[in-house]
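Protein chains: 2
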Amino acid sequence: MSEKTTNISELGEFGLIDHLTNKFELKNTNSLLGVGDDAAVIAISDEEVMLLSTDMLIEGIHFNLMYMPLKHLGYKAVAVNVSDICAMNGTAEQITVSLAVSSRFPLEALEELYDGIRIACENYKVDLVGGDTTSSTSGLIINISVVGRVKKEEITYRSGAKEMDLLVVTGDLGGAYIGLQVLEREKEVFKANPTIQPDLDGHDYIIERQLKPEARKDIIGFLKELEVVPTSMIDISDGLASEIIHLCKASNVGCYVYDEKIPIDAKTSMMAIDFNLDPSTCALNGGEDYELLFTIKQSDFEKIQSNPNMTVIGHITDATDGIYFIDKNGSALELEAQGWKHF
Amino acid sequence: MSEKTTNISELGEFGLIDHLTNKFELKNTNSLLGVGDDAAVIAISDEEVMLLSTDMLIEGIHFNLMYMPLKHLGYKAVAVNVSDICAMNGTAEQITVSLAVSSRFPLEALEELYDGIRIACENYKVDLVGGDTTSSTSGLIINISVVGRVKKEEITYRSGAKEMDLLVVTGDLGGAYIGLQVLEREKEVFKANPTIQPDLDGHDYIIERQLKPEARKDIIGFLKELEVVPTSMIDISDGLASEIIHLCKASNVGCYVYDEKIPIDAKTSMMAIDFNLDPSTCALNGGEDYELLFTIKQSDFEKIQSNPNMTVIGHITDATDGIYFIDKNGSALELEAQGWKHF
Numbered sequence: 001m002s003e004k005t006t007n008i009s010e011l012g013e014f015g016l017i018d019h020l021t022n023k024f025e026l027k028n029t030n031s032l033l034g035v036g037d038d039a040a041v042i043a044i045s046d047e048e049v050m051l052l053s054t055d056m057l058i059e060g061i062h063f064n065l066m067y068m069p070l071k072h073l074g075y076k077a078v079a080v081n082v083s084d085i086c087a088m089n090g091t092a093e094q095i096t097v098s099l100a101v102s103s104r105f106p107l108e109a110l111e112e113l114y115d116g117i118r119i120a121c122e123n124y125k126v127d128l129v130g131g132d133t134t135s136s137t138s139g140l141i142i143n144i145s146v147v148g149r150v151k152k153e154e155i156t157y158r159s160g161a162k163e164m165d166l167l168v169v170t171g172d173l174g175g176a177y178i179g180l181q182v183l184e185r186e187k188e189v190f191k192a193n194p195t196i197q198p199d200l201d202g203h204d205y206i207i208e209r210q211l212k213p214e215a216r217k218d219i220i221g222f223l224k225e226l227e228v229v230p231t232s233m234i235d236i237s238d239g240l241a242s243e244i245i246h247l248c249k250a251s252n253v254g255c256y257v258y259d260e261k262i263p264i265d266a267k268t269s270m271m272a273i274d275f276n277l278d279p280s281t282c283a284l285n286g287g288e289d290y291e292l293l294f295t296i297k298q299s300d301f302e303k304i305q306s307n308p309n310m311t312v313i314g315h316i317t318d319a320t321d322g323i324y325f326i327d328k329n330g331s332a333l334e335l336e337a338q339g340w341k342h343f
Numbered sequence: 001m002s003e004k005t006t007n008i009s010e011l012g013e014f015g016l017i018d019h020l021t022n023k024f025e026l027k028n029t030n031s032l033l034g035v036g037d038d039a040a041v042i043a044i045s046d047e048e049v050m051l052l053s054t055d056m057l058i059e060g061i062h063f064n065l066m067y068m069p070l071k072h073l074g075y076k077a078v079a080v081n082v083s084d085i086c087a088m089n090g091t092a093e094q095i096t097v098s099l100a101v102s103s104r105f106p107l108e109a110l111e112e113l114y115d116g117i118r119i120a121c122e123n124y125k126v127d128l129v130g131g132d133t134t135s136s137t138s139g140l141i142i143n144i145s146v147v148g149r150v151k152k153e154e155i156t157y158r159s160g161a162k163e164m165d166l167l168v169v170t171g172d173l174g175g176a177y178i179g180l181q182v183l184e185r186e187k188e189v190f191k192a193n194p195t196i197q198p199d200l201d202g203h204d205y206i207i208e209r210q211l212k213p214e215a216r217k218d219i220i221g222f223l224k225e226l227e228v229v230p231t232s233m234i235d236i237s238d239g240l241a242s243e244i245i246h247l248c249k250a251s252n253v254g255c256y257v258y259d260e261k262i263p264i265d266a267k268t269s270m271m272a273i274d275f276n277l278d279p280s281t282c283a284l285n286g287g288e289d290y291e292l293l294f295t296i297k298q299s300d301f302e303k304i305q306s307n308p309n310m311t312v313i314g315h316i317t318d319a320t321d322g323i324y325f326i327d328k329n330g331s332a333l334e335l336e337a338q339g340w341k342h343f
C-alpha cells in the first residue's frame, strides 16, 4: 500500500466500528437490530426475540496473566458476555468459546481457564454449546459469543430513554478500576524485587471487582419481580460517563447526573484517595464495573426505591439541555467520556 | 505451577476440545445440541431451530498476509462460517465479527478486510449484526460467529448415516491444498529474490480455491429443490479422510470409499504431480476445500445423479466392517486421518 494511510487510533474504538460497518445494511427480515446496542436482536417467535453478542479478550491488552489467575479470566470472560444480555433485559442461555493459545500454556493451565468458564456457566445458568480451539503465535486470546432471549414486551434498548425518566445505576462504581491500580502497583513492586510478597491485604473487595466481576443477572430478576421494564439500559463496561453519553445519544435526550448520588464503596474511596485520585473520577472514567445503567419512568420510582442494589443518580432532560454532571458544589459541568482506549 | 504439566500437542485439537468440555452439561431445555457437530442447535419455535457456530482465524496460523489479500481474508472468514451452517442443512442469516489488530494495520487495510466481509455477506445473504474491535499485541485475529436456522424436519446431523446409504461429496477436492503449495513456493522464491515476480499464471483455479473458497449454500438450495434431506452431513474443512471418519464415528457406521470416484479437478491433479504429490492424497488429507460430505438414502440416488455438483464416492457399511479406502487396484486400505494439525 503506497497510498496515504490513516492510523486507526485517529478514529477511536467506536469511531472505527462505525466507519467499518456503516456500509452494511440489514437484509434479512429476522435481523431486527444490528450493530449499536449491547446485543443484536433476532426474530424467533411471536413471544420472544433472540439476543446475540460477542466479546474478544486479548492477553496484554485486556488482561495480564501476572496477576489474573486463569480461573478468574475464564469466569470474567463469561460474565462480561452475560452482562451484555442483561443490558437488553434478557436471559443468557448459550455461549460459544473460541480459544487461541501458544504452546507455552500446558494443558493444566487450560483446565484452570475452563474451570472458571464452567463455574460461570453454572452460576449464570448458561450452556457451553460450541467453540473453536487453535494455537496462537503469541499469548492467549479468548472470544465468547453469547445467545440469550427476552419477551418482546420486556426488551430494553439503549434508545428508549424519555424526558423526565429517572437515571438509575446498580451496585457501586469505580472499584474495578481501583482494584486494577492496586494490582499494577504490586506488580511493579514484584518486578523490582521478586522476594517481596504482594501486599493485597484488606483489598479483597476492589481486587475481586477487577478480577471477578459479576454480571447483574440478579437485577434482571428483581426488575421482573417488581414489574419494572426500564425505558432504556446499557451495561457499564467503559466507565459511567461514557455509558451515560451512549445512552443519551441513542435516546436523543440530555440528562443531569448528580455527583453526590453516585454510589461508591467506602474501600474504593479510601484507596482512590491513597492513589491521589478523585473517587468520582474513578467511577466516571474507570471501566469494567459491569454494573447496569438504566432509566425508568418516574411512576416506577416507588417500586425500586427500597432495593439497595439500585440508586437514582439523575434524570433525563431534553436533548437540547445537554448532558451535565452536577458536582458537589452544585456546579454543572458538561460530561465528557474518557473511558477505555484500546487504540 | 510446579506440578507436572502436559503439553497440549499430546491431545491434538479434537482431543483437547473433548478434554476441556466433557465436564460441561447442557442445562437449558432450549439447548438441543452442544459441542460435537458443525453447529450447536437451539430451540426457537415449533417449526424451526436456530444454529450457532464460531471460528477463529489467527495470522501466522490460519493465514499469511504475504499472499492472502485482506479482502479475500474477510470473504473467507465469512464463507467458512456459512459453510458450518450449510453442513447442518440450514440457512445462515446473521454474523458477528470480532477483530483484533495491531497498530501496524492502517485504516485502509481494515477497509479492505471489511469490503471482503461485506461482499461475502451480500453473496450469502447474511447480516453483520454485531462485533467487537480491539487492538492486538501482534498481528490480526478475526473471530466470526454465525447464526442460522433450519426447519426441524430438515436438520441434518453428523450422526444420521445408516448402513446402505450412499456417501456423496460436492464439487472437487484437493484444490485448496495444492493452491497453498503454489503460494508457498512463490513466497519462498520471492523471499530469496524480491525482484522476481510471483509466477501464478495458469493457477487461478487452485489459488482461488485456497484464497477465496465458497460455502456450498447452492447445494443446500439444490437439495431443497430435489426434495432430498441427507441422512448425515459435515463440511470438509480438514480433508476428506478426517471428515469421513468424523461422520462414521458420529453415526456409528463404517464405509467404503472408492479412490477412482473422488472428484479431483484436472488442474489440481497436474499441479499435484508437479509437486510429486499423489492427487488422491491431496484430496484425502489436504484441508480447506469447504465442500460438503453427506449421505443419502439409496432411494434418493435418482434425484441427485444428474446434478454435476454431487458425486457418489462410496457407501455406508456396518460399524464392524470398518472405514476403508478402495484404491485404483481394488485393494482396501483402512482410512486414516492426517488432516490439519494446529498444535
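Taken in order, these protein sequences are the chains called A and B.
Quick note: the first sequence uses the numbering used here, first residue 1, plus one each step.
Quick note: the second sequence uses the numbering used here, first residue 1, plus one each step.
By construction, the Cβ of each residue, glycine as well, lies at the ideal position given by its N, Cα and C atoms.
Predicted, not measured: the structure shown is a model, and the values here were computed from it.
Span separating the alpha-carbon of residue i from that of residue j
i	j	result
tyrosine 75 of chain B	leucine 52 of chain A	22 angstroms
serine 159 of chain A	leucine 166 of chain B	54 angstroms
leucine 65 of chain B	glutamate 163 of chain A	51 angstroms
aspartate 327 of chain B	arginine 118 of chain A	46 angstroms
lysine 27 of chain A	lysine 125 of chain B	7 angstroms
isoleucine 245 of chain A	histidine 62 of chain A	23 angstroms
asparagine 285 of chain B	glutamate 13 of chain B	16 angstroms
glutamate 334 of chain A	aspartate 300 of chain A	28 angstroms
phenylalanine 343 of chain B	isoleucine 8 of chain B	Summary for phenylalanine 343 of chain B: the model assigns pLDDT 47, below 50, so the residue's position carries little reliability, and this model does not support an answer.
histidine 19 of chain A	glutamate 10 of chain B	44 angstroms
arginine 185 of chain B	glycine 60 of chain B	16 angstroms
valine 312 of chain A	threonine 91 of chain B	45 angstroms
threonine 29 of chain B	serine 251 of chain A	36 angstroms
isoleucine 155 of chain B	glycine 36 of chain B	15 angstroms
leucine 107 of chain A	leucine 113 of chain A	10 angstroms
isoleucine 304 of chain B	leucine 293 of chain A	56 angstroms
alanine 241 of chain A	glycine 330 of chain A	18 angstroms
glutamine 94 of chain A	aspartate 274 of chain B	48 angstroms
Of the residues the options, the one placed nearest residue i, counting alpha carbons only
i	options	result
glutamate 291 of chain A	A/Ala87, A/Met66 and A/Ala43	A/Ala87
glutamine 210 of chain B	B/Asn276, B/Leu128, B/Pro69 and B/Thr195	B/Pro69
histidine 315 of chain B	B/Asp265, B/Cys248, B/Gly330 and B/Gly287	B/Cys248
tyrosine 256 of chain B	B/Asn89, B/Phe105 and B/Gly322	B/Gly322
aspartate 132 of chain A	A/Asn123, A/Gly139, A/Ile144 and A/Lys187	A/Ile144
glutamate 122 of chain A	B/Leu183, B/Val129 and B/Lys23	B/Lys23
aspartate 172 of chain A	A/Lys261, A/Ile17 and A/Ala332	A/Lys261
isoleucine 178 of chain B	B/Lys71, B/Ser331, B/Cys282 and B/Gly36	B/Cys282
leucine 140 of chain B	B/Val129, B/Tyr114, B/Glu112 and B/Ser102	B/Ser102
aspartate 115 of chain B	B/Ser31, B/Ala77 and B/Lys152	B/Ala77
valine 49 of chain B	B/Met56, B/Leu57 and B/Leu33	B/Leu33
Whole-Å CB distance - residue i paired with residue j, under 8 angstroms assumed
i	j	result
proline 213 of chain B	alanine 79 of chain B	6 angstroms
threonine 96 of chain B	threonine 134 of chain A	Contact doesn't hold; Cβ gap of about 18 angstroms is too wide.
serine 45 of chain B	isoleucine 44 of chain A	6 angstroms
isoleucine 142 of chain A	valine 182 of chain A	Actually they are not in contact, since the Cβ atoms of isoleucine 142 of chain A and valine 182 of chain A sit about 24 angstroms apart, beyond 8 angstroms.
serine 232 of chain B	tyrosine 157 of chain B	6 angstroms
methionine 310 of chain A	threonine 170 of chain A	6 angstroms
aspartate 259 of chain A	glycine 175 of chain A	Aspartate 259 of chain A to glycine 175 of chain A, Cβ: 17 angstroms. No contact.
Local Cβ density within 10 Å of residue i, reported as buried at 16 or more and exposed below that
i	result
proline 230 of chain B	buried
serine 280 of chain B	buried
lysine 341 of chain B	At lysine 341 of chain B, the pLDDT of 49 sits below 50, so the modelled position is not reliable; the number obtained from the coordinates is stated separately. Exposed: under 16 other Cβ atoms inside 10 Å.
alanine 192 of chain B	exposed
arginine 149 of chain B	buried
phenylalanine 105 of chain A	buried
glutamate 302 of chain A	exposed
methionine 1 of chain B	Because the pLDDT at methionine 1 of chain B is just 44, under 50, the model does not fix this residue reliably, and the value given afterwards should be weighed accordingly. Exposed: under 16 other Cβ atoms inside 10 Å.
threonine 268 of chain A	buried
isoleucine 42 of chain A	buried
glutamine 298 of chain A	exposed
Give, in chain order, every unbroken run of the alpha helix (DSSP H) that is at least 4 residues long and sits entirely within the region 76-102 of chain B. For secondary structure counted as the alpha helix (DSSP H) over 4 or more consecutive residues, the region 76-102 of chain B holds no complete run.
Unbroken beta strand (DSSP E) runs of length 3 or more, entirely within the region 166-213 of chain A: which are they? Inside the region 166-213 of chain A, DSSP marks whole beta strand (DSSP E) runs of 3 or more residues at positions 166-170, from first to last along the chain.
For a minimum of 4 consecutive residues, which ranges assigned as the alpha helix (DSSP H) are wholly contained in the region 267-338 of chain B? Listed in chain order, the complete alpha helix (DSSP H) runs (minimum 4 residues) inside the region 267-338 of chain B are 279-285 and 301-304.
Go through the region 127-151 of chain B residue by residue and report every complete run of the alpha helix (DSSP H) that reaches 4 residues or more, in order. You should have found no qualifying run.
Which runs of the alpha helix (DSSP H) fall wholly inside the region 25-53 of chain A and span at least 4 residues, in chain order? Taking only runs of at least 4 residues, no alpha helix (DSSP H) segment lies wholly in the region 25-53 of chain A.
With a floor of 4 residues, list each alpha helix (DSSP H) that falls wholly inside the region 105-130 of chain A, ordered by position along the chain. Taking only runs of at least 4 residues, the alpha helix (DSSP H) segments lying wholly in the region 105-130 of chain A are 107-124.
Where the region 143-159 of chain B meets chain E: residues whose CB sits under 7 angstroms from a CB there: Among the protein chains in the structure shown, which are A and B, there is no chain E.
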